Every structure is written in structure tokens, then in C-alpha cells.
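Residue numbers (my numbering): 4 to 902.
Using N, Cα and C, we set each Cβ at its ideal position, and we do this for glycine too.
Source: prediction; values computed, not measured.
Notes follow once the structure below has been shown.
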Amino acid sequence: MMLKKLFRITLLSAAVSLALTGCGEDEQEMTQEEVQYISHVDQARFFQRQGELKASTLEARSAIEMNPTKADPYFIIVDNLVTAGDAVNAARQVQEIEARMEDGETPDSVHNRIQLVLARTHMMRNQTEEALAALEELQSPDHSQEVKAAVLRGDIHLNARQPEKAKAAYNDALELDSNSLMALIGLSRIAYGNGNPEEAQSLITRAEGIDKTDPELWLWKGQFAQLQEQWEKAEEAYIRALEDIGQYDVMTYRKYATMSSLITVLREQNKQAEAFVYEEILAKSAPGTIKSNFASAQEAYRSGDLQEAARYLTEVLKQAPQHVQSALMLGMIRFQQGRVEEAEQLLTPVAANLQDSTSANKLLAATQLRLQRPEEARKLLENLDESQSDPGVLALIGVATLASGDIEAGKEYIEKSLELNPDNSQLRLRYATYLIQTGNTEAAIDQASTVMDKEPNNEDARLLIIQAHVSAGNQDAAMESAAAWVKEQPENIAALITHGDLSVAAGETEQARQYYQQALELSDTDPRANYALAILAMRQDNPDKAREQFRAAVSKSPDNRRALQGLARVSSEAELRSFLEDLSQENPEAVGPRLVLLELALQQGNSSEADELAASLLEPVSENELSPNTPVVANVYTSAAGALVRQDKPQQALEVMQRAQVLFPDNENVGLQTAELYFRNDQTENAQALLKDIRRDHPESARPYLIEAQYHTQAEQFDKAAEQYELALNKDSSPDIYLRYVDALQKHGQQQKAIEVLKQALANYPNNGRLALNLAMAYQNVGEQKQAADAYEQVLNNAPDNPIALNNLAWIYHETGESKAKDLAARAYELAPENAAVADTYGWILFSEGNHQESIPVLEKAYKLAPDTQEIALHLVEAYKAAGQDQKAKAILEKKQEM
């Protein structure tokens, strides 16, 4: 320590003397800050040479604080990170250098150093194309940089198992510098890999003639000897390599790998004691504990203990934030636990950095679907090589495509997935649910029946069949199916409750009660029958009975969300609070009662009670792992604030969200809702400042831009809204954002630009019906009738029963005198008889073609639906006059004058 202290003093003295002595009177003296900067840089380099990477990095950071526009200290940190094996942070750090340079200009020498580092970090992450591309960015490299680039190009190709390309690159390096040691080592490795150990040895001998003490040469000599089972030579070479590689104060990847190889060599010579010494060093090192913790996490996961597995993985990521396997596994666990925001944060960098990682991309896509981001999921999946052959990928693409509004393509993907994997019952039932929602009940029944054929006891399939019959209006078939289920399984609670629900729908309440009572007697712990009886009591306007049954359900299952919500609906706040406080004492591990109590406290403005409840719910699992309740507690805060807004208490809602921001500073939903409330409370500067922070913390998210765009839209600042929507599209080019952008443009009077945006959107999403319809309407709004008609025809090709397209196309054809206008209008009216505009179009076309009497009831209906629309009223007046019903026409005109 005295030597280092003395060295530092010497450096500082030298720097000071440089500051005090000059070449002439005109030379500007160095400032104290410049002296300190030089001292920190020199000390950082000294520590780097001594292998003390931590101390070197600290000194470099101090230099950056003194002068953040100089490149040297950044490169010191980058070199330390590369040495330590941290490619991700090294790449991130080196990309800051150009941004920090004075005058925004980077000299070629610095630019080239940046590209060389980027190439190496890409290689370390097995990103071959990116690594080679970085080398192509070199600008007028000097001779030493040319040599480094040639050697690095060889290393990249060798790492990618492209030996011939690597050999060519190494030979290029030797042409530039015949004494390039690293090129000779690379060629020796290739020679051995090609089965030519004699040539490999010859190249080693040639390298020894240049510098036989080089640690990289010793390392290759050790590996070469080990491959030939020359254990003593290997031992000597590894020990000599470690004299240099082993000096670092952190366990670098090369140091760990070299020690691991040395252990193998020692054991081959039965030198167990020496091997044990190195094993102890590795076990206590960061890589050693990482390996141990990851193995423990795998064991815990296999045994079903997700919490314990997550604890070990969190420890790994604390030590090695870029440990891909741990991030992937923890992301999977968080997804299974329903903590999807955390899962996305873990999986996004994994999917970006891992080449050809289908599993990571599939899991990330599933996470994005949970987060209601179908377009992001779809783009991610469609880029996979297996996107047309992997049934799992096809299923996810199908779900994402349906969620994006592309119905036919989505169905095609899902049906192809089911064709490839017909036993995927979960997907088949999910698809059946979608078919029911879209009114295709027969197809839904077919899908659910397919599952039933293979799994006769699948309750979800039975329930979907019954639900499909109900949705189709076929109550008899639904009741018949439920009765058959009860007959087959008379002690199945789900069957009894389903039959009871159908009885309620049929008005047979006593019969329903009997089924519910039978279900209740089958289990003392299942809350479903109590819940059903409570709902029945509410239908019969018996809140006391409902409260009794809801309490019974919650007592059996304190975390049952539906039962808690039902109990809240039929209880006063005082009753609810008293019951839940007692229940919490009886069930201290239950989360549900405390969540409800927390929401009550927040809505009542009882901040001390809310803080106490939040603290109990958010107690961390360990020093490095948050409570598993964190997402749901955050949702309680957002829910309570939403309830306060609905009660017209925006200031109190803002106070709730400000507290939530303190508790959940990284939660995007919390931040966005807080920003919305700042806008609502006319605190625009606070809202925009918060949105700026959210954009920084969530750079890939479109949502901050959408929140600000929504604010500008409400303020009728449509030009600013359009700007924000355009920025949002750079983050997430979804059809919904395109449509919002177009709406803002149109309201700002930019009709032609709106058309161009819609055309671009349709190029990206050619099968999206909403975009196609909006493009047709945009053409019609600017009077481009031919383009509008063509666009409407295209809409109808894909969706022949779209009443808006039929109506608007009918009107265009009516104006241009085409005979098919009437038929189109009639179809539109048949499909949407309660739409005033549709009725008016059909009625007016009938009138215009001379069918005056026939037009009157249709126009009367349009007027009834929209009596304040002047054009509709005047159309009816014209029809009345033509039919000789002048008094009716006069009455409408007088009413319009009064208005």
C-alpha cells in the first residue's frame, strides 16, 4: 500500500511540475482541475496494469467527473469491462463516448477505437454479423488499427467456426505486421483444428521467437498440451499464463476458464491437493457462486418451488446482471407468477442478445400479449425461422393477429397450428372462446367437442359447449347438455352450478337453488356454491342473504377475488371493514382482505392506515427480491385513484398516485396514471416532466407519447396531438395508433397527409379492415369519389357485410347515378336498421328513385333515431311533401325553427 501511495504522490508531483514549467511565457498554465484530471487518468492506467480493475475504474470515473468530454477515461473503463468479460456494459459504455466528445465531432482515431471495441463485444456475445459490420465502419485507420482489425476479424470468424475466413484474416494481419503474435496464435489454433498438430507447433515456435512470455501464447500452449494429453507441459503453461491472467482483482472469464483447465490437468496427474486449492478459489469467486446458485435454482424449479428458485436467480443476477440463462429462467418464473411487467423487463434484453433463441422470443411474445401489446408480439414472432412450421409459434402469431384485428389471417394461423399439433387442447379451447365471442357458435362447439372426444372429463370443454348453445340462443340444447353432465357426474360441483345457472336464466329460481344447495353439501372448503347462492340472493333483492353467502365464500377462500368484490357490493364500509379485519387476524397469510382494506383506506384518505397495510403487503422476500404482491398492490393504488376520479375527486386521486410513485418508482402504469392526473389537475409542467422521465426509463414504450397526445386532443391542440402520435408510431406501429394519428391530422385540417398515413398503414397491415374503411372515408371526405369507391369495394371484398362500407358506397353510387346504389343501401339497412345514417341513405335513395311512399317509413325511422340532424329532417320533409302530407312536413320545419 505504501508503494502505491508513493506512486500516486509521484504522479501528482509530476503533474504539478508540468503545470508550473512551460516552454515560454505565452504558454497557458494548467488549471487545478486539469492537473487533477491527468492524475486520475494516470492512476487509472497504473491500477489497470497492476490488475486492480475496480480501483482503475474508480479513478477513471473520477477523471470523467473532472472532464466528461475526454475519451481516455471512458476507454479505460471499457477495457476493464472487456477484460472482466462484461460485453454488454462495455458496448453500452463505449457508445457514450461519441455523445460526450467536445463539439460533437469524433476524430477518426477515437471513432476507430470505438468500432474495434464494439466489434469485440459483439463477438463476445456471438453476434458475428454485427461484429464484422462494426469493423467495416473504420475510417482511415492507422497501421496499428489495421493490424488489430485484421486479427479481430480472424478471431470473429474463428469464434463463428469459419476457419477458412479466419485463416485469410490472420494472414492479412501478418502481411501488415509479420510479428503479429495474435495472428500466429490464431493460425496455430486453425492448424490444430484442421488435424495438423505439426504445423500448429511450428507456428507456436515462430510465436515464441517474437515474445515467449506473452500470456496469450502461454494459454494456447497449455490448451495445446492438454489436447495432446501432455499434462505436465499443460500444467506449466497454465501456471505461467495465470501469472498474468490471474493478477486481476476480479474473477474474469479467462481467469476462471484457465483455472478450470488447470484443475483438470492436475487431476489427470493425481495432484488432488493442488486441484482442491484452485477449486476452493473458484467456488468462492463470483463465477463459482453464480454456478452454484444457478444449479440450486434449477433444482428448486424442478421441485416446483418457484419462490426459492427466484431467490437463487436474483442472487445470480445481482452478481452478473447479464447472465442470460438466469434472466431467461427468472423471466419464465415471473410469467408463471403473473408478474408480467417484470417478465418483460427480464426477457427483452435476452431476446435481443440471443441469436436464434426461439424459446426466449416465444416467452417474450406471450408476455407482450398479456400486456395487451399484440403488434409487438406479432412482429417478434414473424421474424423467427420457425414461424411457419412451429405450432407453438403459429399459435402465438394467431392470437396476436386476432388481437390486432386481422381476423381471417389470425384464424388461419391458429387452424394451421392445430393442424400441426391437434392435441393442443388449451389452444383449441381458447380458439373456441374467441369463436363464441364473434358469434361463430357452431365452429366453437366443433372445437370444444374435439377436445371432449379426447378428454371426456375436460370441464372447460363442457362449459364452452354449453356457453356456445346459450350464445346461439339455444337454451334447450344448453339445458340438455348440462343435464347430461349432471347425470354422468352427479357429484361434480361445476356441473351442478352450471345447471343451476341455466335454471336461473330460465326463471326456475327454486330449481337453481336446489342445484346450488346440492353443490354446497359436497364440500366444506369450495366457495363456488356459496358464491352462486349469493348471486341468486342479489337477483332476488335479498342483500342480507347475499352478504351471508359472500361471507361464507370469503371465509372458505379469503383470497377469492369475485367473492370479495361481491361482498363489497352488498356491505356498508363499516361492515366490510370490521369483517375483513377479523378475517385478516384469523388468516394472517391471506392477501385478499388486506388488499380490500387498503383500497378502502386509500379512497377514504386514511394515509396512515394505507401506508401500514401497504408495508405489510410489500414486505420483501429477501434483500434482493421484492414481495410477490408488488404488482397487485400497485394495481390497488391505480384502482383506488380511478374510483376517486369517477367520484369527481381528482386532487385526492393525484395524492394517491403520488404515494404510489414513491412505492413503485419503476412501474410504468403508475407513472402514466400519475401523469394523466397531473394533466387533469392542470399541472401540465409536472405531467410533462414525469412523462419525460418515463420515456427515459422505458425507451421502447409508446404509451408516454399516447398519454400526452390524448391530453392535447382533449385540449383541441390537434397539431401537437399529431406530433405525439407520430412519435408513438416510432415505438409501436399498431393500427390503433395509426387511426388516432389520422384522426388528429383530419381534425387539424391535414386531410391529404391523413390519406398518406392511412396508405402507409395499409401497406404495413394490408388485411386490417378498420384501416381500409378509414382510408375509403378519408377519400370520400375530400371528394375523391373514384378512389373512395375503389377503397370501399376493397373493404367489401374482405368484409361483405360491413354496413358502413355498404352505406357509404351506396351514397357515392347514388351521387354518380349508378343503378346498384339501391341494392347496396338495402343490404346496409338490413344489417343495421337502427343506424340513423344508414336508414337515411336507404330512404333517400328510395325517394330519389320515385318510391315516395316506400321511402317514408324508412326516413321516419332515421328521423326518430336522429331528430336533431338537419339533413335527415329535411329529407323526411321532402318525402312528406311529395306524398302530399304537408302538415307533417310543416310540423318538422316549425320544430326545426324553434330549435
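I need the straight-line Cα distance from residue i to residue j, nearest angstrom please.
i	j	result
Ser-587	Asn-533	20 Å
Glu-211	Met-335	50 Å
Ser-420	Ala-398	6 Å
Asp-685	Ser-737	30 Å
Ala-369	Ala-380	7 Å
Ala-515	Leu-505	8 Å
Glu-679	Asn-460	48 Å
Asp-871	Lys-825	25 Å
Ala-153	Ala-690	52 Å
Gly-85	Thr-124	Here residue 85 is Val; the residue named in the question, Gly, does not match the sequence. Between Val-85 and Thr-124, the C-alpha separation is close to 7 Å.
Asn-777	Ile-417	27 Å
Ala-435	Asn-771	22 Å
Ile-266	Ser-112	42 Å
Tyr-832	Tyr-845	7 Å
Leu-675	Asp-722	22 Å
Ala-346	Arg-337	5 Å
Leu-331	Ala-94	21 Å
Leu-119	Lys-151	8 Å
Looking only at DSSP bridge pairs, what is residue i linked to?
i	result
Glu-628	Ser-625
If you reduce the DSSP assignment to three classes, tell me which class residue i lands in.
i	result
Phe-667	coil
Asp-544	coil
Asp-111	helix
Gln-717	helix
Glu-55	coil
Val-396	helix
Pro-144	coil
Thr-72	coil
His-326	coil
Ala-128	First, the residue type needs correcting, since residue 128 is Arg and not Ala in the sequence shown. Residue state, collapsed to three classes: coil.
Arg-431	helix
Tyr-903	The question about residue 903 has no answer, for the chain in this structure spans 4 to 902.
Gln-340	coil
Asp-871	coil
Arg-192	helix
Ala-313	helix
Ser-736	coil
Lys-274	coil
Lys-652	coil
Ala-136	helix
Let me know if residue i comes out buried or exposed under the rule of 16 or more other beta-carbons within 10 Å of its beta-carbon.
i	result
Val-659	buried
Val-280	exposed
Asp-889	exposed
Glu-28	Confidence is the limiting factor: at Glu-28 the pLDDT is only 44, short of 50, which leaves the residue's position unreliable, though a coordinate-based value still follows. Flag for Glu-28 reads exposed.
Val-396	buried
Pro-623	exposed
Ala-747	buried
Thr-444	buried
Val-97	buried
Pro-110	exposed
Leu-525	exposed
Glu-897	exposed
Lys-695	exposed
Ala-892	buried
Val-665	exposed
Gly-853	exposed
Thinking residue i and residue j are a contact (beta carbons under 8 Å), I'd like their distance in whole angstroms, please.
i	j	result
Ile-100	Ala-137	Not a contact, Cβ separation roughly 14 Å.
Leu-868	His-878	With a Cβ gap of about 13 Å, Leu-868 and His-878 do not count as contacting.
Leu-220	Leu-184	7 Å
Asn-174	Ile-213	Their Cβ separation, rounded to whole angstroms, is 16 Å, which puts Asn-174 and Ile-213 out of contact at 8 Å.
Ala-646	Val-673	Wrong, their Cβ atoms sit about 16 Å apart, outside the cutoff.
Ala-813	Ile-848	7 Å
Can you determine whether any heavy atom of the ligand NAD sits closer than 7 Å to the C-beta of residue i, and answer yes or no?
i	result
Ala-169	The ligand content of the structure shown is nil, which means the ligand NAD is not present either.
Of all Cβ atoms in chain B, is any one closer than 8 Å to the Cβ of residue i?
i	result
Thr-361	This model lacks chain B altogether, as it is built from one protein chain only.
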